[in-house]
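**Q** Have a look at this one before I ask anything.
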Amino acid sequence: MNISIKALHNENGIVTNDPNQIVSLLNNKFQDVFVLENDFNLPTFVSRINKNLNFDIISYKDILNKLESLNTEKSCGSDLIKPLILKNCAYGIALSLAHMFTTSIVLSELPVQWKSANISPQFKKGSKLSLMNYRPISFTSVPCKILEGVVQDLIMNFLNTLDAISFYLSQNIPVDVIYLDFAKAFDSVPHKRLLIKLKCYGISGTLLKWIKAFLKNRRQRVVMGDIVSSWKDIFSGVPQDSVINPLLFIIYINDLPENFVNISKMYADNVKVLSRVDCEADVNLLQNDLDKPVNWSNKCLLKFNFENYLMYFGKNNPKRTYFMQNMPLSITDTEKNLGVNKKTMFLTSWFSFFRFVLMVVVVLGLVVPFFIQLVLLIQPTELKDDLVSDFRSIQYINLYEKQKEIHSMKLQLKELDNIKLKTLNYLRLLDENRVSLIEQVSLLVNHKDMLEKEVKKLTNQLSSRSKKEPESIKMSEQVMTKTIYVGVPLNSYIDSDKHHMNRSNCNLDKCFDFSKCSYVDKFSIYLYEPRYKEPLYKHFISLIDLVKDNNSCIYLVFLNMNDSVKSLNAQIEALSTWKSTGANHILYLQHFKNENYCNKVDKLNVKQSVKVMSFSCDSAINYFDFVIPSVDLNSLSQVAFSNLMPLNRKFILSFYKQSYKNNKIQDLIVDQIKHESDVVIINSSQISKTCLHNYCSFDNPSVMQLLKDSQFTILLHSNRYFVDELWYSLYNGAIPVVLGNKDFLPFSDVLDWKKAAVLLPVQRLTELIFILRTFHVDDISAMKAHGRFLFETYFSDHYKVLRTVLEVFKHRIGVLPTPEKDFQVKQFLHIAKQPDDTVINSVNFLKNFSFLSRSSYKSWNSYPGGLTFFPVTPWSNPPPSLYQFSKEGREHFMPIADGKGGDGVSFSRSLGGDMPFEMFTVVMLTYDRYSILMEALQRLSGMKYLHKVVVVWNHPSDPTDDIVWPDIGVRVEVIRASGNSLNNRFIPYSNIETEAILSVDDDIYLRHDEIELAFRVWRENRNRLVGFPGRHHSYNATKDSFDYNSEHSCELSLVLTGGAFFHKYYSYVYTNHMASSIREMVDQYMNCEDIAMNFLVAHITQKPPIKVTSRWTFKCPGCPAALSADESHYFERNSCMTYFEQVFGYNPLKRTQYRADSILFKTRLPSGLTKCFQYV
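Numbering follows numbering that gives the first Met the number 0, with no gaps: position 726 of the sequence shown is 725.
So, in structure tokens, the structure goes:
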């Protein structure tokens, strides 16, 4: 390998003399020939043999024979173990090698050095400065070659013969011969396809696994004297300088002749096809044969050279032109497989023949005196002297070389005795270590058995406990939950006189009986049937689970304020659960435009009950009673809500002056703002409408338009109709400016009104205009958005107002909100494959009562609101890093290299990160494309961190019984959708047990490493969408709106959910909280569900999605045309963008200009280190 190359052209055509750069250039060039094979859509091949090859223990005698037959002149590999040493130590090491080789095959593992090759560049022809004129000569490990020889013998004995049929053409008729030459034949064999073909020939089980390990993770480097390049991975090919190389290649191409009708013959790296051509039909048949290897080549990823050759034989040969891949074949006189010129078959000169023989003899270094003398006798006299002189010179040169070799051998033999002694001592130590390791393994096995028994025992105990029926919790009993004793809550009347409590002093601590509402009991409501059947009552019945008896936490009573005070008090006293105090009762005092409403409310004998009122009456107790809007909430359409845009409106401030007792304050407001040009004031007298008790409702068109044109609007808390005015302000997108006590704002104990309104004392009135002009556009946008959120979530209809009253009351008494429920589905098919014992289930992040103290206020003031309680959220904060290495933390975390970090090897073995170990669930939407679905499932086989696959079957009919579902190593659960809807991919199914969900279509094409990278990125961005192809919303100046755009762009704002990770939390929000009109539009178009999810996540997070990998499309070879190919596809998506913007009130999509890649991506690493991901 002492090859010396002084200079080479680099990639830019510049000559370089740097030896390190030269070996690097050569190594890169030699690596370019490899074929990068994906894991999906692997072809199937016909099985050739009905029986399988069984592996047995490798015998000592076989290894000894191999060692004794070693050629000691061969070079060693990167492990530096020379064949001379192995041959001389054959009897001492044969037994150990036999044991080592057997273990290697059984475990399907090989040392790294056995799969590493030193490459020596060999000059071919042409310019020595060109990289293309060098070919690699590979030197691999000699011990591995011995093992390869053993494997080759096993396979050859099993298959008997793999030679292609040889044909002989002897008829005296025209013959055309075509030579097909493989391009980089031995380097291009794809490993996965080779393994499939080996299996077709009966080579399976342990031996096939060993061959797979033998081919996997191979590497090479270029060695030029003392200069060594870095290691390069070998992606494909059968290893050069390998014993088993020719056999594997022959097996791989052995089915090629089956594609030809005519006679064919295979050689090392080419194929000869020949045919008689005495008629036109023969010519056409031969041309047809040339089209077939193209299909075989594409299937097997083994390409033919562009230079294929044609030879004509016979006097009457028509000499037709043949084509391959639309290229005419070149005509040649040289028969490529033999290396003999066709014309040499007709030699006319004896001198030329014997001159040729003499050259062969000289090159081979053979001494054949008799043959040479015969040549000399035949040759002309004038040539004899020259030949004799040449031959003697050659003899002297050979003699000198032989003497030189003998001297070198003597020096090596002197060293062998020492090497042999050292080797024997080393082998003795290895044997002692082997015995010690066997003892340790035995101890570990015993310990493992003991632990398994303990686990089984604990599992049985846990199972027996779970089968016991839990006892119901009773009012006067103490019960035990797990190991914590839970008592009945104390009564609020311990330190008070419950019979003489003054209601004006009431609060929940004094006037509510907590003993009826336990944490561990289900929150119960007893509903009294109202005297009049009202729609609101029906709404409430559908709202919650009601109890049939009167032993409840609270009692809800609907009262119609059109009745007299006497009648209302009589109805209250007649309640069976009222007793003497009315505690735990909620009186819903319905308003029907009664002018004496507050007078009646103040005269009611409500005692210690909670009132829900339509106006802020004097008897209302803050943080105890409820004041709700009195307007007809159900008369307004959702899409009629005012849009957030434009942010800057016609007037900065408006004020609606009304005629009631607060005229003095109103006059003061008018005096302070009337001189501003962008302020508008309107009097109730300007509106031609009869006012109720000097109050004119905001629902007048003039007032409504005034609010739509205003940035801010002034509201007085002292106004009895303040809540209605607030409602209309939010509805029309005007930011309320509340002058007075902020405690009068509805639900102010849970709602943060400072995010949606300007709260000022009346004394700041003189500074009001200055304060409002300091608000930045960002503040205005955020306040409008939050005001719209509060309105839509808690005030937009009677149903939501009623729910809000109930949930706020539960919050006040310390009870969790109504939990979100998983969607229970009919699982009509289970693939009964459970994860093996090595799979660790994700930690179940179920929230508990800490939610009330830590997250409740935030939940009430962020979308989708505090009316429900989510079992999982993406907002979890990781514990300190040191916790991972505590006794408790080690059970849930998998730090890389036990916290030390590391390169790609350590990285691939651990999930790492700051979040506990978890897995993900694939949710795959499908219809009736069986073959595509099966291929999609098969591509998931062996996927790391995959918990299960949930197939959502959208077709109205069940899948047929003859489907053969693939075994992919995890459970595949098929669920029947209620209808064919793209919304089904985002339903929170009960059998999804992980927080991470990978939504995929059945026709997408993603590699395992791409999915793993996306999963790891999502774990660090749990509240974001993480996907592959990116899209963006582009501004259309003509329409003054946004269009959906799929063109390549340096910015993106959406990712396609046909292949994207998202948190299960968003499934609950999409299905249960997002406006139903959006889901209806998705069903109408059978399109846009991905846009809807991108809108939703961006609306919640105010952040863009995250793109991983360079993919811009999903490719599925052989799949039918996607929906996106339809001409109407983009029209529908543009319509969706416009409509979704109306529903959300704005376009929440955010742009981003970067994508996420692994840390060591494109990093130049030191030798011996690997990247986190090699190809992404």
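Ideal Cβ placement from N, Cα and C applies to all residues, glycine included.
According to the Cβ coordinates, are F1130 and Y1069 closer than 8 Å?
**A** Cβ distance not < 8 Å, so F1130 and Y1069 don't count as in contact.
**Q** Short of 8 Å in beta carbon distance, which residues of its chain neighbour K1170, apart from the five on each side in sequence? Order them along the chain.
**A** So the list reads D902, G903, S1157, L1159, F1160, T1162, L1164, once near-sequence residues are dropped.
**Q** Please classify G1029: does DSSP put it in a helix, a strand, or coil?
**A** G1029 falls in the strand class under three-state DSSP.
**Q** When the distance is taken between beta carbons, is V174 closer than 8 Å to V272?
**A** For V272 and V174, no; Cβs fall outside 8 Å.
**Q** For L41, which residues from the same chain have a beta carbon less than 6 Å from its beta carbon, with the 5 sequence-adjacent residues on both sides left out?
**A** Same-chain partners within the cutoff: K191.
**Q** Would you kindly work out how many angstroms separate the C-alpha atoms of K754 and K649, rounded to a whole number?
**A** Rounded to the nearest angstrom, the two C-alpha atoms are 22 Å apart.
**Q** Candidates P1028, N983, C1135, M1136: which alpha carbon is nearest Y1067's?
**A** Residue N983 is the option with its Cα nearest to Y1067.
**Q** Leaving out five residues before and five after W113 in sequence, what residues of the same chain have Cβ atoms less than 6 Å from its Cβ?
**A** Same-chain partners within the cutoff: S140, C143.
**Q** Please tell me whether R427 has its Cβ less than 8 Å away from any Cβ of chain D.
**A** Looking for chain D here will not work: only one protein chain is present.
**Q** Using CA coordinates, which residue listed in Y1043, F322, S885, V1107 is at the minimum distance from N1146?
**A** The residue with the shortest Cα to Cα distance from N1146 is Y1043.
**Q** Might you give, ordered along the chain, the residues of its own chain that have their beta carbon closer than 6 Å to the beta carbon of E1009, omitting 5 neighbours on each side?
**A** Here the set comprises T1108, V1175.
**Q** Among the residues of its own chain, which have a CB less than 7 Å from the CB of G313, if the five just before and after it don't count?
**A** For G313, where only same-chain residues beyond five positions count, the Cβ hits under 7 Å are I172, P173, V174.
**Q** Is it the case that the Cβ atoms of P863 and T792 are separated by a distance below 8 Å?
**A** Their beta carbons are under 8 Å apart, which means P863 touches T792 by this criterion.
**Q** From what residue to what residue does the alpha helix (DSSP H) around S203 run?
**A** Element bounds for S203: n/a, residue is neither H nor E.
**Q** Helix, strand or coil for Y321 per DSSP?
**A** It is coil, neither helix nor strand.
**Q** Applying the 10 Å Cβ sphere with the 16-neighbour rule, what's the burial state of G364?
**A** Unreliable placement is indicated for G364, whose pLDDT of 40 sits below 50; the coordinate value is still reported in the next sentence. With fewer than 16 Cβ atoms within 10 Å of its Cβ, G364 is classed as exposed.
**Q** Taking the alpha carbon of L106 as the reference point, which residue from V757, P870, K208 has its own alpha carbon closest?
**A** Of the candidates V757, P870, K208, the one whose C-alpha sits nearest the C-alpha of L106 is K208.
**Q** Is the beta carbon of L764 closer than 8 Å to that of L667?
**A** Going by C-beta atoms, L667 is nearer than 8 Å to L764.
**Q** With a threshold of 7 Å (Cβ to nearest heavy atom), would Q324 be considered close to the ligand MG?
**A** Inclusion of the ligand MG in the displayed structure is not the case, the ligand content being empty and no account of it being possible.
**Q** Judging by CA-CA distance, which residue of C597, I651, V973 is the nearest neighbour of V776?
**A** For V776, the nearest C-alpha among the options comes from I651.
**Q** Check whether the Cβ atoms of D913 and S880 sit closer than 8 Å, and answer yes or no.
**A** Cβ atoms of D913 and S880: closer than 8 Å.
**Q** Just to confirm, is the Cβ distance from D186 to F33 under 8 Å?
**A** Yes, the Cβ-Cβ distance between D186 and F33 is below 8 Å.
**Q** Who are the near neighbours of S1040 in its chain, counting only those whose CB is closer than 6 Å to its CB and skipping five residues on each side?
**A** Closer than 6 Å at Cβ, skipping near neighbours: T1137.
**Q** Using CA coordinates, which residue listed in I585, D448, D617, V149 is at the minimum distance from V600?
**A** The candidate whose alpha carbon is nearest that of V600 is D617.
**Q** Touching or not, the stretch 280–295 and the stretch 248–263, by the rule of three or more beta carbon pairs under 8 Å?
**A** As far as the Cβ criterion goes, the stretch 280–295 touches the stretch 248–263, which means the pair count is three or higher.
**Q** I'd like to check one pair, N953 with A935: are the Cβ atoms closer than 8 Å?
**A** No. Outside cutoff.
**Q** Helix, strand or coil for K473? Go by DSSP, reduced to three states.
**A** With a pLDDT of only 35 at K473, under 50, the local geometry of the prediction cannot be trusted, and the value read off the model is given with reservation. Coil, per DSSP.
**Q** Kindly confirm or deny that the stretch 121–141 and the stretch 24–31 touch, where touching means at least three C-beta pairs closer than 8 Å.
**A** As far as the Cβ criterion goes, the stretch 121–141 touches the stretch 24–31, which means the pair count is three or higher.
**Q** State the Cα-Cα distance for the pair L997 and I895, rounded to the nearest angstrom.
**A** Whole-angstrom Cα-Cα distance: 24 Å.
**Q** So is N87 buried or exposed if we call it buried at 16+ other beta carbons inside 10 Å?
**A** Label assigned to N87: buried.
**Q** With distances taken from CA atoms, which of Q762, R787, F769 is nearest A756?
**A** Taking only the C-alpha atoms, the option nearest A756 is R787.
**Q** What number of angstroms, rounded off, separates the C-alpha of V356 from the C-alpha of D152?
**A** Any reading at V356 is ruled out, since the residue's pLDDT is 38, under 50, leaving its predicted position unreliable.
**Q** What is the DSSP secondary structure of T959, counted as helix, strand or coil?
**A** T959 falls in the coil class under three-state DSSP.
**Q** For the stretch 584–633, which segments carrying the alpha helix (DSSP H) assignment without a break, of at least 4 residues, lie completely within its bounds, in sequence order?
**A** Counting only runs of 4 or more, we get 596–602.
**Q** Thinking V824 and I974 are a contact (beta carbons under 8 Å), I'd like their distance in whole angstroms, please.
**A** That pair is a contact at about 4 Å.
**Q** Kindly provide the ranges of any beta strand (DSSP E) runs that are 3 or more residues long and lie completely inside the stretch 695–754, ordered along the chain.
**A** Complete beta strand (DSSP E) runs here, min 3: 709–715, 734–738.
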